[in-house]
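Written below as structure tokens is the structure these notes are about.
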Amino acid sequence: MRQPPAAGAGLALALLSAVTFATSGTFARSLIDAGWSAEAVVIARVGIAALILMVPAMLVLRGRWPVLRRNLTSIGVFGLLGVAVAQACFFNAVRYLPVGVALLLEYLGIVLVVGWTWLVQGQRPRRLTVAGSVAAVVGLVFVLDLTGAGRLDVVGVLWGLGAAVGLAGYFVLAGRVDPALPSMVMASGGMAAGAGVLLLLGLTGALPLRATFDTVQFAGAQTSWLVPIVGLTLVAAVVAYLAGIAAVRVLGSRLASFVGLTEVMFAVLIAWLVLGELPTIVQLLGGLLIVAGVALVRLDELRKPVQPARAEVTEPALR
Numbered sequence: 003m004r005q006p007p008a009a010g011a012g013l014a015l016a017l018l019s020a021v022t023f024a025t026s027g028t029f030a031r032s033l034i035d036a037g038w039s040a041e042a043v044v045i046a047r048v049g050i051a052a053l054i055l056m057v058p059a060m061l062v063l064r065g066r067w068p069v070l071r072r073n074l075t076s077i078g079v080f081g082l083l084g085v086a087v088a089q090a091c092f093f094n095a096v097r098y099l100p101v102g103v104a105l106l107l108e109y110l111g112i113v114l115v116v117g118w119t120w121l122v123q124g125q126r127p128r129r130l131t132v133a134g135s136v137a138a139v140v141g142l143v144f145v146l147d148l149t150g151a152g153r154l155d156v157v158g159v160l161w162g163l164g165a166a167v168g169l170a171g172y173f174v175l176a177g178r179v180d181p182a183l184p185s186m187v188m189a190s191g192g193m194a195a196g197a198g199v200l201l202l203l204g205l206t207g208a209l210p211l212r213a214t215f216d217t218v219q220f221a222g223a224q225t226s227w228l229v230p231i232v233g234l235t236l237v238a239a240v241v242a243y244l245a246g247i248a249a250v251r252v253l254g255s256r257l258a259s260f261v262g263l264t265e266v267m268f269a270v271l272i273a274w275l276v277l278g279e280l281p282t283i284v285q286l287l288g289g290l291l292i293v294a295g296v297a298l299v300r301l302d303e304l305r306k307p308v309q310p311a312r313a314e315v316t317e318p319a320l321r
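Just so you know, the sequence shown maps onto residues 3 to 321 in our numbering.
Written as structure tokens, this is what we have:
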């Protein structure tokens with residue numbers, strides 16, 4: 003008798019996670035337009051979020067330090083690829099592309115995972131996954147809209163595809179996480195590692211680190227730079243991730259990640275309302291194909307038998 007209310011609460015949490023994750027590109031755009039480098043935006047977002055999540059992460063560990071020690075390398079690689087690369091590339095893509103288009107390109111990372119598991123692990127995809135992958139690739143052609151009047155910036159497209167590689171790495175690494183490592187610890191540690199790597203590269207001059215502390219343009223009005231920073235860290239990171247964790251616990255990782263596909267729809271809607279950005283009709287058609295393709299891949303995953311050791315290790319994506 004309690005299952006329907008629990009499922010409803012899980013669905014609400016998954017949608018809350020998708021909505022709050024979807025705000026990241028819009029918040030970041032206001033800072034980037036004001037002169038912030040994408041790398042500085044990522045450091046601020048995941049660095050502050052990591053500090054906020056550190057306390058609950060330590061409480062979840064409850065003295066199980068050996069688990070943390072034996073997973074330090076995995077957390078570091080996860081932070082480098084799944085956090086630093088994915089987010090830095092996505093926010094750089096936002097410099098040149100509409101937020102919705104940049105996110106659609108990043109979501110192609112789920113299709114890249116299909117290719118990875120086939121070529122590297124020898125797991126031949128089933129027909130539904132192949133159909134979804136083909137739909138997503140066709141959708142990419144429409145999103146690029148190469149014959150349209152308003153062509154996309156090639157640099158932005160490359161950054162978006164780089165974000166797809168980072169997201170693919172995220173899912174591959176998340177699928178190999180030690181089941182004994184709490185997801186909260188993985189999140190906090192990964193974000194701390196990603197922020198640390200970007201900060202180190204920035205201090206050595208390898209990456210641009212620029213930040214301004216004047217007013218920024220957000221939602222058609224001048225406001226303090228703290229507004230998008232708070233939005234990025236509390237709304238688009240802490241609330242989004244905690245809601246995602248709670249949704250996974252109620253719905254399971256596969257179903258929760260399936261519901262998370264609505265993030266693309268919410269991102270387009272938020273960018274339209276706040277920034278006035280709206281993709282062309284052709285790009286919207288391509289976006290629908292990409293989302294449909296990714297949904298087919300996810301649907302095929304839902305049909306696979308769940309392995310107990312790895313059933314709930316997939317985290318909400320850290321975007």
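Note that the Cβ used here is the ideal one computed from N, Cα and C, for glycine as well. Here the structure is a predicted model, which is why all the values come from computation and not from measurement.
Rounded straight-line distance, which links the Cα of residue j to that of residue i
i    : j    : result
A14  : G289 : 24 Å
A195 : S135 : 32 Å
L99  : W67  : 43 Å
V62  : L201 : 27 Å
G295 : G65  : 43 Å
R71  : D180 : 12 Å
F80  : Y243 : 16 Å
L236 : V266 : 20 Å
A59  : A30  : 26 Å
Q224 : R178 : 45 Å
L280 : F268 : 12 Å
L53  : W161 : 28 Å
S190 : G204 : 21 Å
V139 : A248 : 32 Å
P55  : A197 : According to the sequence shown, residue 55 is Leu rather than Pro. Distance between the alpha carbons of L55 and A197 is about 14 Å.
R47  : R129 : 39 Å
A51  : I77  : 16 Å
A9   : T22  : 20 Å
V270 : V232 : 21 Å
G84  : F144 : 27 Å
V87  : T75  : 17 Å
W120 : V132 : 11 Å
V156 : L287 : 20 Å
G222 : A297 : 34 Å
8 Å Cβ cutoff, residue i in contact with chain D
i    : result
W274 : Of the chains in the structure shown, none is chain D; there is only one protein chain.
Residue i classed as buried or exposed, judged by whether at least 16 other C-beta atoms fall within 10 angstroms
i    : result
G117 : exposed
Q125 : exposed
E317 : At E317, the pLDDT of 49 sits below 50, so the modelled position is not reliable; the number obtained from the coordinates is stated separately. Label assigned to E317: buried.
G207 : exposed
I283 : exposed
S19  : buried
S259 : buried
L209 : buried
F215 : exposed
G111 : buried
8 Å Cβ cutoff met for residue i and residue j
i    : j    : result
V218 : P230 : yes
F220 : S32  : yes
A16  : V261 : yes
A90  : A104 : no
G27  : V101 : yes
V69  : A182 : yes
E41  : L211 : yes
L142 : L154 : no
A11  : V252 : yes
R97  : I34  : yes
A137 : L291 : yes
F173 : V122 : no
L106 : V159 : no
T25  : A245 : no
Residue i: first and last residue of the uninterrupted beta strand (DSSP E) it sits in
i    : result
T225 : A223 to S226
F80  : First-last for F80: undefined, no H or E at that position.
Start-to-end residues for the alpha helix (DSSP H) that takes in residue i
i   : result
Q89 : A88 to Y98
T28 : S26 to D35
R64 : First-last for R64: undefined, no H or E at that position.
Beta-ladder partner(s) of residue i, from DSSP
i    : result
F220 : A223
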